[in-house]
Every structure is written in C-alpha cells, then in structure tokens.
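S.K.: Chains as they are written, first to last, in this note's numbering: chain A, 1 to 72; chain B, 1001 to 1491. Glycine residues also receive a C-beta, built at the ideal position from the N, C-alpha and C atoms.
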Amino acid sequence: MAIDQKPQKQPSRGRTVWLTGMAIAILAGIFVPYGLLAGSDRAMAVLIFWLLFGVVVIGLIAIGVMRWRDET
Amino acid sequence: MIAPIVLWTVIGLFAAFGFVIALRAARANSGTAGDYYIGGRDIGGMVAGLSYAATTYSAFMLVVLTGLTYRGGIGALGFELIYFAGLSLLVIFAPRFWLVGKRWGFISPAEMIGARYGSRGVARAMAIVSIVFLLPYCTTQMAGIGLLLSGVTGGGISLFQAVATGAALAMFWALLAGLRSVAWTDAALSVVMFVSGLLAVGFAVAALGGPCQFLGTLQADHAEWLSVPGPGLWSFPTFIALSFPWFFFTLSNPQVSQRLFILRDFRAMRRMILWVMGFGFLFTLVAVIWGLAALQLAPDLENTSMATPALLSSGVIPVWVVLLLIVGILSAAISTLDSIALTVGAMIARDVVRGIEDQSDARQILSGRIVIVAVVLFASYFALEQAAIVDQLAALSAAGLLVSVPPIVGAFFWRRGTAAGALWAVLGGAAVAVWLAIFQGISVFNPVLPFAVSGTSVGLFVLVSLVTRPRATALDFQTEIAEQLAHHRAW
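(1) For B/I1317, does the three-state DSSP call read helix, strand or coil?
(2) Would A/M44 and B/L1260 qualify as a contact pair, given that the criterion is a beta-carbon distance under 8 Å?
(3) CB B/P1447 to CB B/P1237, shorter than 8 Å?
(4) In terms of residues, what are the limits of the alpha helix (DSSP H) holding B/Y1083?
(5) State the Cα-Cα distance for the pair B/R1489 and B/G1039, rounded to the nearest angstrom.
(6) Output yes if chain B places a C-beta closer than 8 Å to the C-beta of A/A38; else output no.
(7) Taking the alpha carbon of B/L997 as the reference point, which residue from B/F1194, B/P1309, B/V1091 and B/A1287 has its own alpha carbon closest?
(8) Go ahead and pull the three-state DSSP assignment for B/I1043.
(9) When Cβ atoms are compared, which residues of the stretch 1210 to 1243 of chain B fall closer than 8 Å to chain A?
(10) Going straight from the alpha carbon of B/S1088 to that of B/L1081, what length do you get?
(11) If I follow the unbroken alpha helix (DSSP H) through B/Q1359, where does it start and stop?
(12) Nearest by alpha-carbon distance to B/I1113: which of B/M1126, B/G1105 and B/K1102 is it?
(13) Check whether chain A comes within 8 Å of B/D1265, counting only Cβ atoms and requiring the distance to be less than that.
(14) Going by the CB atoms, is the gap between B/T1066 and B/T1308 shorter than 8 Å?
(15) Put B/E1480 into one of helix, strand or coil per three-state DSSP.
(16) Considering only residues of the same chain and omitting the five flanking positions on each side of A/A2, which have a CB-CB separation below 7 Å?
(17) Does the stretch 1118 to 1135 of chain B come close enough to the stretch 1278 to 1296 of chain B to have 3 or more Cβ pairs within less than 8 Å?
(18) Counting C-beta neighbours from all protein chains within 10 Å, is the total for A/M66 16 or more, i.e. buried, or is it exposed?
(19) Can you tell me whether B/C1138 is buried or exposed? The criterion is at least 16 other CB atoms within 10 Å of its CB, across all chains shown.
(20) Determine the burial state of B/V1390: buried for a count of at least 16 other Cβ atoms within 10 Å of its Cβ, exposed for fewer.
(21) From B/D1042 to B/A1025, what does the alpha carbon distance come to, in whole angstroms?
(22) Where B/A1387 and B/Q1161 are concerned, what is the direct C-alpha to C-alpha distance, given to the nearest angstrom?
(23) With respect to the alpha helix (DSSP H) encompassing B/W1008, which residues constitute its N-terminal and C-terminal limits?
(24) Quick one: grab the DSSP three-state call for B/L1242.
(25) So B/R1270 and A/W18 are supposed to be a Cβ contact under 8 Å. How far apart are they, rounded?
(26) Mind listing, in chain order, the continuous alpha helix (DSSP H) runs of no fewer than 4 residues lying wholly within the stretch 1404 to 1451 of chain B?
(27) Is the Cβ-Cβ distance between B/G1166 and B/P1004 less than 8 Å?
(28) Of all the options B/A1332, B/I1002, B/L1099 and B/V1129, which has the alpha carbon lying nearest to the alpha carbon of B/G1197?
(29) Output yes if chain A places a C-beta closer than 8 Å to the C-beta of B/V1409; else output no.
(30) With a threshold of 6 Å on Cβ separation, who are the neighbours of B/P1407 within its own chain once the five nearest residues in sequence on each side are excluded?
(31) Just to confirm before moving on: does the CB-CB distance between B/P1109 and B/P1254 stay below 8 Å?
(32) In angstroms, rounded to a whole number, what distance separates the CA positions of B/I1240 and B/R1264?
(33) Give a yes or no on whether 8 Å exceeds the smallest Cβ distance from B/F1281 to chain A.
(34) Excluding the 5 residues preceding and the 5 following B/D1476 in the sequence, name in chain order all residues of the same chain whose CB lies nearer than 8 Å to its CB.
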C-alpha cells in the first residue's frame, strides 16, 4: 500500500481536549492582556494574569506527560 | 566596576571546573558518531533537562530580555511566557522524535526529515537553511559575552578579549567529548546560572526595600511599565511579531529538537520536560524582575542591552554574587553556542558533506569538529563587527527557522506530504525571509515578516505536495510508531 493510501487513525478524544485547552490558554495569554486588560487602571492585573497563565501552561503540560507509560 | 584581574581569576576557575567535567565526559565516550553527537541515546532526564534549559535559556535572557523589560516593561514577560508555552509542543512531538530516532538511528533532525520524505535533498536543504539562520543567533551569544565582560569592567576587558574567551571555551567543550561534555557542563553550569540569578535578583529587590517597596515604587514611578502596550515597545503587532516564531522554537531550532534524540527512555523524557518547565518559568521571572529592578537602580540608560552590566556595576549587588552571575551568563551563552556548533557539525557531517553510508565514525566526528571550529570563529567575527544589533539578529533567526516547522509537522501527521513539498517549503520560506528582512528592510518587530515566512512555507508545502507524489523510499512514521505511541500512552 502506498504511503498516501493508508487509513488515517482518528486522534484520541483526550488529545483533542488537551489541544483545545492549550489553544484556549495560549489565545487567552495573548488576547486577555491586550484586550480586556489593556490600559487597565488595576496596576498589577497584567502581571498577575500572565503569572496565572504560566501556571496553567505548566499544569497542562504536566497532564500531558504524567500519563506516559515508562516501561518499554 | 570590577577589576579585570578579579574577573579573569573567576573565569579561570570556571574554565578549570568545566575542563574537569569535560574530561570525565570524554572518558565515557565510546568513539562512535552517535556517542559524540547524541550521547549514545543514554542521557538521563535531569542532565538532559538542565542541558536543554541552559541551551534554550541563553544569554538572551539576562542580556536581551532584561533590556526589553527595561525598555518596554511587562510585555517582555508575556512574550517570554508565550515562548515558554511552546514547550507544550513537546507533549506531542517529543515521543515521536524519540521513537523514530531510536527506530532508524537518526542523529540530526534534518536527517530524520530527509528520511521521512525519502529525499537526501530535503535533509541537505533543511541543514543548510538551519545553518544560515542559526549563525546569526550564535553571534548574539558571542555579543552577549562581549557586552557583559566589557560592560562590568568598564572596558577593562575588551570586546575582543571577551569574545576570544567565549570562543575558546565553547570550542573546547564541544570538541573534546561532543554532546556528553556539552550536556554535563550545561547541567552543572545551569545550576550556577539559576542560583546566581536568584541571588542577584534577591539582592536587587532587597536594595529597593524588599518586594512590597519594589512593587510600590514601580507602580508609583513606572506604572506604564506594568501595562501593555506599556511605554512604547510592546505594541500588539510587535508582541505578535516576536512571540509567534518563538512559540515554535522547540521544533524549529535543531539544536533544541536534537536534544529529543539523546534521551534514555520515556521516564527520562518526562523528567527532562519537567526540569525544563520548572527552570524556564522561574528563570523567566528572574530575568523580568531583574529588568524592572534595573529600571529603578540604573535609570536612563540609552542602550538597554546594557541594563544587566549597569545593574551589576551599580554597587547594590555583592561582588561575589556579581561574579557568580557573570559566570552564570557566560555559561548560558557558551552552552547555547556549543550546542548550536555541535548540531551544525552533526548536520554537516551527516546531511551535507557525503552519504552517511560512506563515512566512518571517525570521519563523521572529524567533519563535525572542523565545522564546530568554523561556526565559533564565524560567530566571534560577527559579534565583533555587529554587536549593536543583538536584538534584531536573535529574532530574525527565530523567524527564518520557522520554515522547518511545516515539514516536521507533516512528517508525523500528514502522509500526503511529499519530498518536493518539503523542499519548496524550506527553500521558498527561507528565500522570503531573506528577501523581506535583508532586501525590503522589514523589521523583526513587524508581524508581516514571520507571517509571510510561515504562510509561504505552509502554502508551498501543501500545494506542492498535492500536485506531486510521495516517493517510494519515503518512510511512514505514523504507521511505524503508532503501536509504540499507544503502548506508552503518548498522544
């Protein structure tokens, strides 16, 4: 069977959910500070938001790698 | 200012420390190309993680990022955290790189992509384009060393002396025992880099009256620096222009993605990612706080790349911490430089010079060593010639290297991708990058540059693939590793 004729396996639901979560987090990491919080008079709002964003990213990556099975 | 003799003594001790580690690493090498370039695929998670962190969190952090924070405020944190979020790509791609690397014995990412599409030309094109865009990035590391050492000594150590020192150390560690000595010295020195950074920031914040006083003064005197777009630098287009290419750094930069071949097993892979995440997040905060502290302790600098040297010379940081941090920044720069030199050496030896099958291990290592010397000399020369455009050079390489991302993604997720598509994506995207940046003068702070480069690369990859056929010699990564991915529960 040629390489382009092989059946495509459907991605797992877990991967789709995780990718969606990560995409939302990244878009929020860009558009919340530059949209909702732009020019905000709450002085530390952007700083705090980005710190939380970093923590969320760490959590999502940890979820992705902690499920790996180690043994070969 | 720090007396040059004191700094030379500390650099001497630093070099001796690295020399001992590199010699021990050399004894562990078996003499094969795989051992020299990727540590025999037997590097544990902690060493790999710290080495990855030292390579990716380069002198850029404490020289350029602090300067961007000083100049533009908190937007620098957002930019660096979007880059940090790019580590999420490892969740999907690290298991795939590692499995195919082990299955087919790949040593360089270009070699992997060439084999996937069944074309040595694709491997060669990726290698050459990577080299073209990585060399400017090397110069930024050298320039960082030059700015730092000459800055903190008030010119007592000349730019030439500083660059020559960095070049000698980078060459020595990469030449002696390849990846193993680079990884071991990286791991040890990344600890120095991290601890010294934390200490320095602690002393700087303490000098400003503690965390509450520091933040209070910042709000009172520089409130604009705590918002976006801030005082001017971090407009939305600039933020996107810088963040977009850096998000893909994990895949686009071969000296980073090659680290995925060195791991012992899945446990090591997971531990590596966790170490990089912890290090990266905290070090990002250190760099940004450092820049904001410099804003208060060393105000009104014309050249913001001098924020770190100015803060180190301000007198508020104890000399022993200053010396430790200088060693830390020096380590970061050298780590990035010798990792790039080693990867470029591997690509030249494996992908560019001749067929893999024709070369003995000794010849592959010799070719790589010659290239390492050439890369370091090149970086040194341009650092001496163009140190003033550090920011622009670093970011241009990130945008240019984006061209390798479509063929990499396609290699694992699109069977219909062809060698012709991959070749056009790499060469066409690279041509657009050079044309826009060099001939049209489009700045790396303009989002037109990364979007035009990535759009051209993706478009050519898809369109040319659809009108051509996959080669009979192409490998089917998806099918070949599907069972192992499922076994390891990797997405």
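M.R.: Working from what's here:
(1) Taking the first residue of the second sequence as 1, we reach residue 1317 of chain B at position 317. In the structure shown, B/I1317 sits in coil (DSSP, three-state: anything other than H, G, I, E or B).
(2) For the purposes of this step, residue 44 of chain A is taken as residue 44 along the first sequence, with counting starting at 1. For the purposes of this step, residue 1260 of chain B is taken as residue 260 along the second sequence, with counting starting at 1. No, the Cβ-Cβ distance between A/M44 and B/L1260 is not below 8 Å.
(3) Counting from 1 along the second sequence, the entry for residue 1447 of chain B is found at position 447. Counting from 1 along the second sequence, the entry for residue 1237 of chain B is found at position 237. It is a contact, given that the beta carbons lie within the stated cut-off.
(4) What you label residue 1083 of chain B is simply residue 83 of the second sequence in a count that begins at 1. Counting along the chain, the alpha helix (DSSP H) containing B/Y1083 begins and ends at G1075 to A1085.
(5) Along the second sequence, read from residue 1 onward, the residue named residue 1489 of chain B stands at position 489. Along the second sequence, read from residue 1 onward, the residue named residue 1039 of chain B stands at position 39. Their backbone Cα atoms lie some 26 Å apart in a straight line.
(6) Counting from one through the first sequence, the residue named residue 38 of chain A turns up at place 38. True, the Cβ-Cβ gap to chain B drops below 8 Å.
(7) A query on residue 997 of chain B cannot be resolved here, the shown segment of chain B reaching from 1001 to 1491 and no further.
(8) To locate residue 1043 of chain B, count along the second sequence from 1; it is residue 43. Per DSSP, reduced to three states, the secondary structure at B/I1043 is strand.
(9) So the list reads L1215, Q1219, A1223, L1226, S1227, V1228, P1229, F1236, F1239, I1240 and S1243, given in the order they occur along the chain.
(10) Numbered from its first residue, the second sequence carries residue 1088 of chain B at position 88. Numbered from its first residue, the second sequence carries residue 1081 of chain B at position 81. Whole-angstrom Cα-Cα distance: 12 Å.
(11) On the second sequence, residue 1359 of chain B is found 359 positions in, with the first residue counted as 1. Run containing B/Q1359: none; DSSP gives neither H nor E here.
(12) For the purposes of this step, residue 1113 of chain B is taken as residue 113 along the second sequence, with counting starting at 1. Comparing C-alpha distances from B/I1113 to each of B/M1126, B/G1105 and B/K1102 shows the shortest one belongs to B/M1126.
(13) Mapped onto the second sequence, residue 1265 of chain B falls at position 265. Chain A contact via Cβ: present.
(14) Residue mapping note: residue 1308 of chain B aligns to position 308 of the second sequence, counting from 1. Residue mapping note: residue 1066 of chain B aligns to position 66 of the second sequence, counting from 1. Cβ distance < 8 Å, so B/T1308 and B/T1066 count as in contact.
(15) Numbered from its first residue, the second sequence carries residue 1480 of chain B at position 480. Reduced to three states, the DSSP call for B/E1480 is helix.
(16) As a position in the first sequence, residue 2 of chain A is number 2, starting the count at 1. Bear in mind that the predicted position of A/A2 carries a pLDDT of just 47, short of 50, making it unreliable; the figure below should be weighed with that in mind. Counting only Cβ-Cβ distances below 7 Å, and skipping sequence neighbours, we find nothing.
(17) Proximity of the stretch 1118 to 1135 of chain B to the stretch 1278 to 1296 of chain B falls short of the contact definition, fewer than three beta-carbon pairs being nearer than 8 Å.
(18) What you label residue 66 of chain A is simply residue 66 of the first sequence in a count that begins at 1. Exposed is the call here.
(19) By one-based count along the second sequence, residue 1138 of chain B stands at place 138. Buried: at least 16 other Cβ atoms inside 10 Å.
(20) As a first step, residue 1390 of chain B must be located in the second sequence, where it is residue number 390. Model confidence at B/V1390 stands at a pLDDT of 47, short of 50, so the residue's coordinates are unreliable; what they give is reported in the following sentence. B/V1390 counts as buried, since no fewer than 16 other beta carbons sit within 10 angstroms of its beta carbon.
(21) Against the second sequence, residue 1042 of chain B aligns to sequence position 42. Against the second sequence, residue 1025 of chain B aligns to sequence position 25. Whole-angstrom Cα-Cα distance: 13 Å.
(22) Reading the second sequence from its first residue, position 387 is the one you call residue 1387 of chain B. Reading the second sequence from its first residue, position 161 is the one you call residue 1161 of chain B. For B/A1387, the predicted structure reports a pLDDT of 48, less than 50, and the residue's modelled location is therefore unreliable. The matter cannot be settled from this model.
(23) Position 8 of the second sequence, counted from the start, is the residue given in the question as residue 1008 of chain B. Run containing B/W1008: P1004 to A1028, per the alpha helix (DSSP H) assignment.
(24) As a first step, residue 1242 of chain B is located in the second sequence; it is residue number 242 there, counting from the start. Residue state, collapsed to three classes: helix.
(25) In the second sequence, the residue the question calls residue 1270 of chain B occupies position 270. In the first sequence, the residue the question calls residue 18 of chain A occupies position 18. Taking C-beta atoms under 8 Å as the contact rule, B/R1270 and A/W18 fail to qualify, at a distance of about 15 Å.
(26) You should have 1405 to 1413 and 1419 to 1434.
(27) The sequence position of residue 1166 of chain B within the second sequence is 166, counting from 1. The sequence position of residue 1004 of chain B within the second sequence is 4, counting from 1. 8 Å or more divides the Cβ of B/G1166 from the Cβ of B/P1004.
(28) For the purposes of this step, residue 1197 of chain B is taken as residue 197 along the second sequence, with counting starting at 1. When only C-alpha atoms are compared, the closest one is B/A1332.
(29) For the purposes of this step, residue 1409 of chain B is taken as the residue at position 409 of the second sequence. No, its Cβ sits nowhere closer than 8 Å to a Cβ of chain A.
(30) Your numbering for residue 1407 of chain B matches position 407 in the second sequence. Exclusion of the five residues before and after B/P1407 leaves I1113, A1422 and A1425 as the residues of its chain whose Cβ lies within less than 6 Å of its Cβ.
(31) Within the second sequence, numbered from 1, the residue matching residue 1109 of chain B stands at position 109. Within the second sequence, numbered from 1, the residue matching residue 1254 of chain B stands at position 254. Note that the C-beta distance between B/P1109 and B/P1254 is below 8 Å.
(32) Translated into the one-based positions of the second sequence, residue 1240 of chain B becomes position 240. Translated into the one-based positions of the second sequence, residue 1264 of chain B becomes position 264. One Cα belongs to B/I1240, the other to B/R1264, and the distance between them is close to 36 Å.
(33) In the second sequence, the residue the question calls residue 1281 of chain B occupies position 281. At least one CB of chain A lies nearer than 8 Å to the CB of B/F1281.
(34) For the purposes of this step, residue 1476 of chain B is identified with residue 476 of the second sequence, where counting begins at 1. Answer for B/D1476: R1415, listed in chain order.
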